[in-house]
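All remarks here apply to the structure that follows.
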Amino acid sequence: EAGVAQSPRYKIIEKRQSVAFWCNPISGHATLYWYQQILGQGPKLLIQFQNNGVVDDSQLPKDRFSAERLKGVDSTLKIQPAKLEDSAVYLCASSNQGQVGETQYFGPGTRLLVL
Amino acid sequence: GQNIDQPTEMTATEGAIVQINCTYQTSGFNGLFWYQQHAGEAPTFLSYNVLDGLEEKGRFSSFLSRSKGYSYLLLKELQMKDSASYLCAVRGGNKLVFGAGTILRVKS
Numbered sequence: 001e002a003g004v005a006q007s008p009r010y011k012i013i014e015k016r017q018s019v020a021f022w023c024n025p026i027s028g029h030a031t032l033y034w035y036q037q038i039l040g041q042g043p044k045l046l047i048q049f050q051n052n053g054v055v056d057d058s059q060l061p062k063d064r065f066s067a068e069r070l071k072g073v074d075s076t077l078k079i080q081p082a083k084l085e086d087s088a089v090y091l092c093a094s095s096n097q098g099q100v101g102e103t104q105y106f107g108p109g110t111r112l113l114v115l
Numbered sequence: 001g002q003n004i005d006q007p008t009e010m011t012a013t014e015g016a017i018v019q020i021n022c023t024y025q026t027s028g029f030n031g032l033f034w035y036q037q038h039a040g041e042a043p044t045f046l047s048y049n050v051l052d053g054l055e056e057k058g059r060f061s062s063f064l065s066r067s068k069g070y071s072y073l074l075l076k077e078l079q080m081k082d083s084a085s086y087l088c089a090v091r092g093g094n095k096l097v098f099g100a101g102t103i104l105r106v107k108s
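Going down the list, the protein sequences come from chains A and B.
Going by this note's numbering, 40 is the number at position 40 of the first sequence; the sequence numbering is gapless.
Going by this note's numbering, 17 is the number at position 17 of the second sequence; the sequence numbering is gapless.
Structure below.
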């Protein structure tokens with residue numbers, strides 16, 4: 001079974017530029033998550049999708065971050081404009097139905113450096 | 001809100017046993033997960049506890065006490081490849097919140 005795929009793996013941009021990340025979850029998984037992991041910290045949930053609907057985006061900085069999952073499969077996360085403090089690893093995860101107790105499976109992440 | 005505390009770093013010797021503690025405060029507790037994260041890699045699932053007690057899985061065991069808001073991950077027969085960050089994550093309501101992780105260094 002193929003795991004969660006993410007691209008690109010690395011990205012370096014200058015502040016005020018825009019950037020987009022892509023995620024393809026495990027086949028059949030209805031729930032998709034985007035996390036931000038700053039160096040030395042645990043992952044922080046940015047947004048959770050159930051199929052193509054948003055379940056939780058309470059910690060997404062909506063003035064600069066946006067995410068979509070139009071067909072309920074793959075997803076994109078965009079930052080526009082980027083700030084220095086956005087330098088982090090952006091992890092995508094998926095789970096079967098988002099039920100209590102379900103394991104979340106993580107992709108390899110996209111490492112973003114904002115200069 | 002939720003608050004999760006773990007030691008920042010631990011060092012142990014190859015072949016030994018190490019216990020990584022996690023204390024938490026949350027509303028609507030729905031389970032506790034442990035993940036392993038090697039440097040530069042994604043977190044991988046280790047264990048899940050929702051009821052009090054010990055769950056054993058090979059060299060890894062995880063314990064939960066809901067009344068005390070406390071869990072630990074026990075690693076036996078440590079190997080060099082166990083050097084990694086260990087993340088405690090608590091499900092409160094519908095959201096999974098991660099601690100900052102404990103960096104475990106295994107020395108020979």
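Beta carbons: idealized from backbone N, C-alpha and C, even for Gly.
In this text, all values refer to a predicted model and were calculated from it rather than measured experimentally.
Any C-beta of chain B under 9 Å from that of residue i
i, result
"D56(A)", "yes"
"Q97(A)", "no"
"L77(A)", "no"
"P61(A)", "no"
"K83(A)", "no"
"Y105(A)", "yes"
DSSP bridge partner residues for residue i (one or two, in chain order)
i, result
"T11(B)", "R105(B)"
"G53(B)", "L64(B)"
"R111(A)", "Y10(A), V89(A)"
"T31(A)", "Q50(A), S95(A)"
"E77(B)", "In DSSP, E77(B) forms no bridge with anything."
"T23(B)", "D5(B), Y70(B)"
Residue-chain proximity (residue i, chain A), Cβ-Cβ < 9 Å
i, result
"P144(B)", "A query on residue 144(B) cannot be resolved here, the shown segment of chain B reaching from 1 to 108 and no further."
"L96(B)", "yes"
"F33(B)", "yes"
"I4(B)", "yes"
Beta-carbon spacing of residue i, residue j below 9 Å
i, j, result
"N96(A)", "G72(A)", "no"
"K11(A)", "V4(A)", "no"
"S108(B)", "H38(B)", "no"
"T102(B)", "T8(B)", "yes"
Cutoff 6 Å; reference residue i; Cβ partners in own chain excluding five residues on either side
i, result
"T44(B)", "Q36"
"I60(A)", "Note that residue 60(A) corresponds to Leu in the displayed sequence, not to Ile. Answer for L60(A): L46, I47, listed in chain order."
Same chain only: Cβ atoms within 7 Å of residue i, ignoring 5 sequence neighbours per side
i, result
"A88(A)", "Q36, Q37, I38, L112"
Margin query: Within 8 Å, do at least three Cβ pairs link the segment 35-43 of chain A to the segment 13-23 of chain B?
Written below: no
Next item on the list: Would you check if there are 3 or more beta carbon pairs closer than 8 Å linking the segment 98-106 of chain A to the segment 76-86 of chain A?
Entry: no
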